[in-house]
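Every letter in the sequence shown is one number past the one before it in numbering that gives the first Met the number 0, and letter 18, counting from 1, is 17. We put the beta carbon where it would ideally sit given N, CA and C, even for glycine.
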Amino acid sequence: MPTLRLTQDAAADELLGRDPLALLLGMLLDQRSA
């Protein structure tokens with residue numbers, strides 16, 4: 000499985016890669032703050 004590199008934090012990238020809900024919520028919050 001490919002590794003996600005979305006943030007500058009390895010722990011955050013690991014969480015986003017293994018937890019689809021965390022990825023979805025992160026994308027939602029990113030869109031709301033932009």
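For the alpha helix (DSSP H) that residue i lies in, which residues bound it at each end?
i: R17; result: 9-17
If residue i sits next to residue j, beta carbons under 8 Å apart, how far is it from one beta carbon to the other, in whole angstroms?
i: G16; j: L27; result: Contact doesn't hold; Cβ gap of about 17 Å is too wide.
How big is the Cα-Cα spacing for residue i and residue j?
i: A11; j: D29; result: 14 Å
i: L20; j: E13; result: 13 Å
i: G25; j: D8; result: 14 Å
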